[in-house]
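A short write-up of the structure that comes next.
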Amino acid sequence: MFQFGSLVSYLPYLAGGVPITFGIALVAFTAGAVAGLPMALLRIGGVPGLAAFATAWIEFFRTTPPLVHIAWAYYVLPQSFGIRISDTAVVVAALAASVSAQMAEVFRGGFLAIQRGQHEAAIVLGLAPWQRLWYVILPQTLRLIMGPACNTAVSLIKDTSLAAIIAVPELMNRGEIVATRTFRPLEVLSTVAIFYFVLTYPVALLAGRLERVSRKAF
Amino acid sequence: MPGMVRSKAAWFGVCVAAAAITALLIGSAPDMARAAASRLGDIKAHGTLRAAGVVYQPLITRKPDGSYEGMDMDVMSMIARDLGVKLQIVDAGWDTAVAGITTGKWDIVPTICITPKRQEVVDFTDPYLQLDGAIIVAADNSKHIQSVADADKPDVVFADVAGGWGEEFARKAAPHATHKLFSQVTDADMVQEVLSGHADAAVMNTPITTGIIRKTFGDRIRFIPGWDQPLGIQPCPVAYAIPKGDEALRSFLNMELEKFKADGTMGKLLDRWLSSASLK
């Protein structure tokens, strides 16, 4: 049945994939969140050309699988654009683009959820558009989207496993390697699943907690 | 109340994790001793010989419609016919080929190199082909790798098929180089890695695969030391992998392979498939 003995000596090697997985997720999420906000603003902003571009970007990256983005970036960037970056950078870039589209929709949901009265009151107070955004709308939006943003983060941590196909030595790739060394894919991949659970569950718990905090504000 | 709700969610997570870990640990009982029945009995009872669908030009490859062809396909079809059963190819990769034997997903793996590590978990028929290895690099590679010593540096990246013979060979030949391990890939993918510059080097079987590479890619690929010169670091006797301890299946397969060698069938098939082989 299960035999975990041969796996024990490989645990440090497997565990070494966790910081890489976490690092990819952290950088991709930060870049994606930072890029997603202007995308959301452009989409609802009303400037025709920019709104169309933002909508196209968001819809494209939301409706296509991250695996396709990673494979595309890995093959097309060097050959067609002459951009040579490390494999890890390729994964981070592809996942950041995916996350930017998801976060743009999360932000947009947050903007739309703010009462019209807030916008109108801000206008009546004589605030310039950027002041309305910075002092009134954005703080409220950030409170509202914390839960959905954490859900996006959890999805992202799981999606980093796609980096295994281009042999980035993150957790999933290391799991595959150990499975071929020990000839025990069942035990190894069960252990990898536990590692991912340990990584994502705290974030999911955080999402629940933040949602309760954000409800308190009103 | 907020406090109770928070700890309930945390408790749930802890319980799920604990249940999962406990289940796995309980399941870690030693393997029950299996009855020494040969797989031949199962094969005849089900009327199907299951083989792992690994890919190795020109012995076994996939056509665009998903079906398999090649020298080993022909040999396995004849073996199945002699056994009076159907041949069924199950999708597989080099990383799962051996594990599939031990977990019972398939009965035999064709076209696989006998290595000491694999011999710990599976048995092999007698080899029907003897191969060795050489290193390939792209002709336009800027690192100017001319010898194995040049390749044995941390900044040289090898593209290896995880779990394959090539990975063991590459690690023995260049232990200080960086090894990128891919799952679910074939030698053709590794050649593309080298050609596109994602990797600097890879290990290929000689003389079969290197011959095909030379035919397909011409002088875009350089060989170390030469396309038909083996490095001799770890030879690859090609055989069929079978479940450990299955002497009945082993003798039967050895008899079949002996028959095909003796009457010239193997030689003819190899020539026929080699002449049409290409890595494009």
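For the record, the sequence lines run as chains A and B. Take 1 as the starting number for the first sequence in the working numbering and just add one per residue. Take 1001 as the starting number for the second sequence in the working numbering and just add one per residue. We put the beta carbon where it would ideally sit given N, CA and C, even for glycine.
The secondary-structure analysis by DSSP pairs residue 1124(B) across a beta bridge with 1241(B).
Going by C-alpha positions, residue 146(A) is about 24 Å away from residue 129(A). Chain-order list of chain A residues neighbouring residue 1013(B): 197, 201, 202, 204 and 205, by C-beta distance under 9 Å. For residue 1176(B), not one C-beta of chain A is nearer than 9 Å to its own C-beta. For residue 1068(B), the beta-bridge partners assigned by DSSP are 1062(B). At the C-beta level, residue 1195(B) and residue 1220(B) come within 9 Å of one another.
Within the segment 1081-1093 of chain B, not one residue has a Cβ closer than 9 Å to any Cβ of chain A. Across the segment 5-17 of chain A, CB contacts with chain B closer than 9 Å involve 5, in sequence order along the chain. Nearest to residue 114(A) by C-alpha distance, out of 87(A), 127(A), 188(A) and 142(A), is 142(A). Spanning the alpha carbons of residue 196(A) and residue 1097(B) requires a straight line of approximately 26 Å.
Cβ proximity to chain A below 7 Å picks out 1095, 1096, 1098, 1099 and 1102 from the segment 1089-1118 of chain B. Per DSSP, residue 1136(B) is one residue of the beta strand (DSSP E) stretching across 1129-1138.
Rounded to whole angstroms, the separation of the alpha carbons of residue 1165(B) and residue 54(A) is 49 Å.
Only residues of its own chain outside the window of five on either side were considered, and among them 174 and 178 have a CB closer than 7 Å to the CB of residue 13(A), listed in chain order. About 25 Å separates the beta carbon of residue 28(A) from that of residue 133(A), a gap too long to meet the 8 Å contact definition. Sequence-distant Cβ neighbours of residue 137(A) in its own chain, meaning closer than 8 Å and more than five residues away, are 111, 114, 118, 119 and 122. Within its own chain, the residues whose Cβ lies closer than 6 Å to the Cβ of residue 32(A), once the five positions on either side in sequence are excluded, are 96, 99, 100 and 103, listed in chain order. Within chain B, no C-beta atom comes nearer than 7 Å to that of residue 118(A); the closest sits roughly 26 Å away. Pairing residue 1078(B) with residue 1272(B), the inter-Cα distance amounts to about 16 Å. By the neighbour-count criterion, in which a residue is buried when 16 or more other Cβ atoms sit within 10 angstroms of its Cβ, residue 183(A) is buried. Chain-ordered, the chain B residues with CB closer than 9 Å to the CB of residue 180(A) read 1094, 1095, 1096, 1098, 1099, 1162, 1163, 1164, 1167, 1181 and 1183. In the structure shown, residue 1103(B) falls within a coil segment according to DSSP collapsed to helix, strand and coil. The alpha-carbon separation between residue 1111(B) and residue 1056(B) amounts to approximately 7 Å. Residue environment analysis places residue 60(A) among the exposed positions, since fewer than 16 neighbouring C-beta atoms fall within 10 angstroms of its C-beta.
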